[in-house]
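Quick mapping for you: the protein sequence lines, in order, are chains A and B.
Take the first sequence: its letter number 165 is residue 165 in this note's numbering, and every next letter is one higher.
To convert, take the position in the second sequence, counting from 1, and add 1000; that gives this note's numbering.
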Amino acid sequence: MFEDTLLVIEGCVREEEWAWNIFVKEFGSMAQNILRKFSDLAPHDRENIMQNVFIKLFKGGLGNFQGTTKYEFFKYFKTVVIHEGISYLKSERKDKENISLNGVDSEGLSLKDLIPDQDHLSKPDLTAEGKEVLKIIQKIMVESPLLDQQIFWMKVQGYKDEEIRKILGIPLGTVASKYSRIRMRIIEVLGEGYI
Amino acid sequence: MAAPFESKLKKYLKNMEIMKTPSCLNTDTIGFYIENKLPKGEKVRVEKHISSCLYCLNQLTELKELIYFQKQSAPLPSHLLQKIKGLFPREERQRKEFLNNFFSPFIQRISDFFTFPVRQWRYAAVSLATALAVILILIIYRGVTPEKPFEIVKIPSEKPFTMLSLKEAKNPIIIESENIDNTFEQVRRLIRVHNGNMQEALWIEKGIKLIFSLRREEEASLFNELNKLGRAKIEKEGYRDKRGNIVVLLKER
């Protein structure tokens, strides 16, 4: 991975081909990794979304980036990828019967899980309820080490054990055991029927 | 199917923004924390906050994943890589380059015109100032030093004396004297006194030819003085040459 992300971005904004080639190579890989974890995307969907992402970035998306560090750009890039993914799913919705944007849950992580919930606008009581539950979970998690919290959080979001192992750099057995411990504690406090 | 616990919790995770507080950490701080770039004290403070904040925990896991992706580069399928690289507008760029090449000489000239004073005129200004300084020094030097005696070059000529007068002025002033050298010095002094300017003094056969400039209002006064030097023949007109200078012939008696 190249060191100076912002330098390459500046080169892309100036429409310099060398910068664009590096950017595509490195961030193409990142976009692929981001999209790969969503179980509701077929390979050709991912390719189409990636093309849309880079078109958007080339046509002003990179110029609109206002951050000053690579971390900010990573988040910006992910936001663009997710946004383009959701737009793509919405545009393909009529043709794909198997994609449900608001329906049945699927195993693992799905892009539709990231579509902003409109309920909190129309039903503020749901938001209040969600906030209450999250605050309780937060209280329970404070008792656990930060690593355990990360494992739990990633697992809840739909990451597979293998992905968590790679990202956090821990043994596979640790993932399952630590997750299980916090999960049991939360159910114990809240009760199975609460959430 | 996902377990009821996870699927119910996922519903709440969509609105993580509601958990954000004013004391939450920014992206950079979390990034530096992940890559161990924070001072020890700061690291402890950040860790303590993340441990008690779901919003920042969420940010941490998200950024940790992205940094992991950054380090784990997976090559794109070649056909996809070519497609995306192909988005770079080569034709448009070539057209832009062509337009740039076409207009750049004009733009360069305009640019040079405005930047020339800054880049080059300073040298011109220095040169001009030096030249003016030299001229000034020469003027001052000439002003304080006495005028050198006018050097007279003898030009041997077999042509009669009168031929010269006809050639340069119709009726040159002719002054006859016994000592031509003395007369020449006297005339030269008188010219200077009357603010005249000696242009030429040449030895010619049997005498000296003098050419000098003089303002017309000084003429009468000078001529009066010349008459006193000896036998002077001064016509009413025709004693100036084509350039307006007065021509005098000193002739040995």
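Ideal Cβ placement from N, Cα and C applies to all residues, glycine included.
Since the model is a prediction, treat every value here as computed from it, not as a measurement.
The Cβ atoms of B:I1030 and B:C1053 do not sit closer than 8 Å to each other. Between A:W153 and chain B, the shortest Cβ-Cβ separation is below 8 Å. With its beta carbon less than 8 Å from one in chain A, B:I1050 belongs to the interface.
The C-beta of A:E92 comes no closer than 8 Å to any C-beta of chain B. Of all alpha-carbon atoms in A:L172, A:V175, A:I82, the one lying nearest the alpha-carbon of A:D45 is that of A:I82.
For A:R185, no CB of chain B lies under 8 Å from its own CB, so it is not counted at the interface with that chain.
Every alpha helix (DSSP H) stretch that sits fully inside the segment 13 to 60 of chain A and reaches 4 residues is listed by chain position as 17 to 36, 43 to 56. In terms of Cβ geometry, A:V8 and B:K1085 do not form a close pair [threshold 8 Å]. If you draw a straight line from the Cα of B:N1224 to the Cα of B:D1241, it is about 20 Å long.
Segment contact: the segment 1231 to 1249 of chain B against the segment 1173 to 1188 of chain B, three or more CB-CB distances shorter than 8 Å; contact assigned. With the rule of 3 Cβ pairs closer than 8 Å, the segment 1069 to 1082 of chain B does not count as touching the segment 1033 to 1051 of chain B. For A:G191 and A:L6, the gap between their C-alpha atoms comes out near 48 Å. The straight-line gap separating the alpha-carbon atoms of B:Q1186 and B:H1194 is approximately 12 Å. Taking C-beta atoms as the reference points, B:L1250 and B:I1208 count as a pair closer than 8 Å. Per DSSP, the beta-bridge partners of B:V1248 are B:I1173, B:L1210. Boundaries of the beta strand (DSSP E) harbouring B:A1232: 1231 to 1233, taken from the DSSP string. Out of A:K131, A:V80, A:A42, A:V175, the CA that lies nearest to the CA of A:K160 is found in A:V175. In terms of Cβ geometry, B:Q1059 and B:T1027 form a close pair [threshold 8 Å].
Within chain B, the C-beta atoms nearer than 9 Å to that of A:I34 come from E1065, L1066, F1069, in chain order. Under DSSP, B:M1198 forms a beta bridge with B:F1212. Within the segment 19 to 53 of chain A, the residues whose Cβ lies closer than 8 Å to some Cβ of chain B are W20, N21, V24, K25, E26, G28, S29, M30, Q32, N33, I34, E47, M50, Q51, listed in chain order. Chain A places a beta carbon closer than 8 Å to that of B:I1084, counting this residue as a contact. Look at B:R1240 here: in three-state DSSP terms it is strand. Taking CB atoms only, B:Y1033 has no neighbour in chain A less than 8 Å away. Counting the other Cβ atoms within 10 Å of the Cβ of B:I1050 gives 16 or more, which makes it buried. A:L111 and A:G85 do touch by the CB rule: their CB atoms are close to 5 Å apart, below 8 Å.
Nearest Cα to B:N1182 within the set B:E1252, B:A1125, B:K1014: B:E1252.
The beta-carbon distance between A:L109 and A:G158, rounded to whole angstroms, is 3 Å. This is short enough to meet the 8 Å contact definition.
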